[in-house]
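Encoded as structure tokens, the structure appears first; notes follow it.
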Amino acid sequence: MSLPTNLVADEASPEWLNMGLATHGHNLASMVYFQFVLASIMLILIAGALLGRMNFRAWILFVPLWLTFSYAIGAYSVWCPDGWLAKLGVIDFAGGFVIHLASGIAGFTAAFWVGKDRENFPPNNILVALAGAGLLWWAGLGSMAAHAGPSAATHAFPNPCIIPFADAGPTFHLRSGDSALVARRLSPTRRAVFAVPYKYITLAYGLQMSRASAGFHQLLIQLIGIVFIIILNIDMTGLICWIISLIVPLRLPDEELEIGDDAVHGEEA
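Residue numbers (full-length UniProt numbering): 1 to 269.
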């Protein structure tokens, strides 16, 4: 006995949850999940700029408005094949335009509307912050850049882990520690230059072969995309904050900020 066709997953599921492949070789359900995750990351980055002073009710209003009228416009313009920046030829690896630039500009703009901190909070350890950002950039974003997870882009993560040990291991037995580190740093560069030099001395070969104009043309396209994302997020974030300020205060009173979670939620975090 066979199941009715409308009970089979491929037939009963909505179209976006089918087993077909999306533009970049992933099924559409994976692409929907991917976009939801990126949208949530945007909100986390912006929340960091408003932490400890924005009214929670104002934040609840800010989230859907900003995702709809700012983030969605930028994401469609860059990532969708029909977007005007995509047609122009903008290259956005690992969300540099849609995620990082947009969230940074939106965070600065929203922080301007909400106001300064009550006091000067000391920053966290800068070296630890740089290390964390570097690991996220290299392991998380670099290896999954441009929807290229199943392809050679994933080698960006394991190769730098393995190569240093292969280079430095024998050298540590023959040299002092500091000279071994220097030798390890130089050895991949020397091999790359002698192996396929035109891939690693790109600027020199580009100038020699009169290909520099293509790079400058792409740079101009990238600058157009940058300017658009900046203007979009300044204007839309400012407009959204202004509209919200007409409904509820953007900033909590100082006395409630002193109390913290008890004043806002009636309980401690």
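For every residue, glycine included, the Cβ atom is placed at its ideal position computed from N, Cα and C.
With respect to residue 73, residue 232 sits close: the two C-beta atoms are nearer than 9 Å. Under DSSP, residue 251 takes part in a beta bridge, and its partners are 54. DSSP places residue 63 within a helical segment (H, G or I) once states are collapsed to three. Under the three-state reduction of DSSP, residue 74 is assigned to helix. Boundaries of the alpha helix (DSSP H) around residue 108: 102-114. A direct Cα-Cα distance of roughly 32 Å separates residue 46 from residue 215.
The distance from the Cβ of residue 54 to that of residue 102 is about 18 Å, inconsistent with a contact at the 8 Å cut-off. By the criterion of at least three beta-carbon pairs nearer than 8 Å, the stretch 234-250 is not in contact with the stretch 76-89.
The C-alpha of residue 31 lies about 12 Å from the C-alpha of residue 39. According to the DSSP assignment, residue 126 belongs to the alpha helix (DSSP H) that extends over 126-135. Taken through DSSP and simplified to helix, strand or coil, residue 120 comes out as coil. Around the beta carbon of residue 248, fewer than 16 other beta carbons lie within 10 angstroms, which makes this residue exposed.
Note that the C-beta distance between residue 50 and residue 111 is below 9 Å.
Sorting 56, 36, 62 and 89 by C-alpha distance to the C-alpha of residue 226 places 89 at the top. Between residue 118 and residue 48, the gap from beta carbon to beta carbon reaches 9 Å or more. Residue 228 counts as buried, since no fewer than 16 other beta carbons sit within 10 angstroms of its beta carbon. The DSSP-derived three-state label of residue 82 is coil.
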